[in-house]
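Visitor:
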Amino acid sequence: MLETIEKHWAVLTQTDQALLVEAINALPGPVLEANPRFVAAKTYANYLPINGDVRPLRFQHTVAAGPGGLLDQLADLTSRSVSARFQGNPAQAVAFVREAHAAIAEVSDDALAAIRPVLPDIRLQWAMSLELGGELVDAARAYERTFDEALTFDNRRIAVKAAGALALNYALAGNQTAAEQWLSRRPKILDESRSAVIDTVLTRGDLAQALMAAHDLRFDDARAALDAAPSADVDREAWALRLFVESVLARASGRARQQLSRVGAAMASQPERVRTTGLNGWLTTMATAELQLAIGDVEAAGRTIGHLRVLDLPAANDPVRVLRAWAALRRGDAEGAVVLVGPGLAEPLTSARITVELLMIAAAANLQLEQPAEAQAYFQAAMDLIISEGLFIVLLRLTAAERTTLLAGQPASLPPRVVQELDSLGGAPTPPKVVQLSERERVVLRHLMAAPSLHAIAAAEHVSHNTVKSQVKSIYRKLGVTNRDDAIRVVASAPHLLA
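For the sequence shown, the residue numbers in our numbering are 814 to 1312.
1) Looking at the structure shown, is L1030 part of a helix, part of a strand, or coil, going by DSSP?
2) Take L925 and list the residues in its own chain whose beta-carbon comes closer than 6 Å to its own, dropping the five residues that flank it on each side.
3) Determine the burial state of L1292: buried for a count of at least 16 other Cβ atoms within 10 Å of its Cβ, exposed for fewer.
4) Please report how far the alpha carbon of V1256 lies from the alpha carbon of P1242, in whole angstroms.
5) So what's H1275 in DSSP terms, helix, strand or just coil?
6) For the putative contact between R1055 and A1042, defined by C-beta atoms under 8 Å, what is the C-beta separation to the nearest angstrom?
7) Rounded to a whole number of angstroms, what is the C-alpha to C-alpha distance between V1294 and M1196?
8) Please report how far the alpha carbon of V1281 lies from the alpha carbon of G1145, in whole angstroms.
9) Note down the Cα distance separating L1180 from R969, rounded to an integer number of angstroms.
10) Is S1006 buried or exposed, if buried means 16 or more other CB atoms sit within 10 Å of its CB?
11) If we define contact as Cβ-Cβ less than 8 Å, is L981 a contact residue for chain D?
12) Hey, out of G1203, I1174 and E1234, whose CA is closest to L813's CA?
13) Less than 8 Å between the C-beta atoms of L937 and A975, yes or no?
14) Please report the straight-line C-alpha distance between P1229 and V1304, rounded to a whole angstrom.
15) Using alpha carbons as the reference points, say which of A1045, G1091, L1024 and A1165 lies closest to S1060.
16) CB-CB under 6 Å to D1019, same chain, minus the five flanking residues each way: which ones, in chain order?
17) Is it the case that the Cβ atoms of L1258 and L1250 are separated by a distance below 8 Å?
18) Leaving out the 5 sequence neighbours to the left and right, which residues in its chain are closer than 7 Å to A1176 when beta-carbon positions are compared?
19) Can the beta-carbon of L981 be found less than 8 Å from the beta-carbon of R1017?
20) With respect to the alpha helix (DSSP H) encompassing A908, which residues constitute its N-terminal and C-terminal limits?
21) Classify N1179 as helix, strand or coil using the three-state DSSP reduction.
22) So what's G1239 in DSSP terms, helix, strand or just coil?
23) Give the single residue among L1092, A978, G1077 and A1078 whose Cα lies nearest to the Cα of R898.
24) Could you tell me which of V1014, A1065 and A1026 sits nearest to V1047, measuring between CA atoms?
25) Does the distance from the C-beta atom of V1285 to that of L1311 stay below 8 Å?
26) Using DSSP with H/G/I as helix, E/B as strand and the rest coil, what is V1133?
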């Protein structure tokens, strides 16, 4: 029986998972002791959702009976890596993958050839550990290698999942063309019934399709793809990916405020380590900040963006810079936004969406700075990419007034369906009136918050009483108030004025 399971592992996982589980469970104890890899295989096979069966919330590694050979060692390390992922320890999960890579590097090609048919299943788990651990570049390479090996040994289930994961990674970066190419590479699944196991194989591809449709403002298509993707109860590890895609769709379709509460509820349902580390932590924090910006709560978004800096995700630098720049722009700091996007615009970027976002920020900022020619140049460059990549969602970052002004100067016409969606959705919340205080006025305003007299402020700053009185009048005029109490209320809702 052991030889039969090993020989037909790939076929059984694709066509008859229930039979596979039954066969593994029938292996006698002495056989398991002599073949430690089947201890891990048995634990994982029993964890799989066969025919919608209820399963544990988190996969737990089972200690093997002994060291065994290379395949036994790789199966044990893979099981440990998967267990670490489920326990919210992505760094440890990645460490086990690195150890497995080192083990393979030390063996001969002949020794490796004997286990190649089962490697795609193992490599897929390694790729997922790298991905959820935030090692996105290495994860992409691992998925590509998994895809190639899976096709070589006709393991369509693994090839479909690897291609879907790559499509989703490209969709997250806004590279719609590359994402579409990976979706088209998915081979046809042998089992058309979409069992629970097949559902988890298709999850990332479904999410990629939903995200791409949301970027293109095709909301019905996005919802259909999300409906096709299994819920978080079936594919537990994809919960944060699904939540992020749902948040992008909600933000684009004008339901950001409702989705913000759903994000909070979903995060509360997960253990702290699971929701705050690795890719999961980055995705949920990013989704929260994006939704806060969409409803115009710039200060809350700024605090959330601050959390992204401590998550240490290599690919997060550009998206974080984008959010910081949008937040600065919506606070009325157009010059600060230009400074933030400058480095990105001076370098070639691999993400189409990031490039479009940076160009759009530069366009809106130059519009605020009353430099219309520069604004139109940046906007034209952004529009070329938006139309070619189907990234119309970025136009929703603009206020209705900004969008009307910028589109009026462009020769390229938008598709009628996009115009209709933009008209129905409006634009980003109109930011509050920009208040430009001088350095000295900010100093005096900080004194006013502490409630000393004008004479005390003059003494502290070594200036005359009349100078302070003149500065206070200027502050009141710019804030649109007539007394200290009203000024305090304005600053309470806009603390950046004291920065």
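Beta carbons: idealized from backbone N, C-alpha and C, even for Gly. Fair warning: this is a prediction, and the values are worked out from it, not measured in the lab.
Guide: Taking the structure as given:
1) coil
2) none
3) buried
4) 30 Å
5) coil
6) 7 Å
7) 41 Å
8) 25 Å
9) 51 Å
10) Note that S1006 scores a pLDDT of 48, beneath 50, so its modelled location is shaky and nothing firm can be said.
11) The structure shown contains no chain D; it holds only a single protein chain.
12) The requested residue 813 is not part of the displayed model; the chain covers only 814 to 1312.
13) yes
14) 43 Å
15) L1024
16) A1038, A1041 and A1042
17) yes
18) A1188, Y1191, F1192, A1195 and L1219
19) yes
20) P903 to A918
21) helix
22) coil
23) L1092
24) V1014
25) no
26) helix
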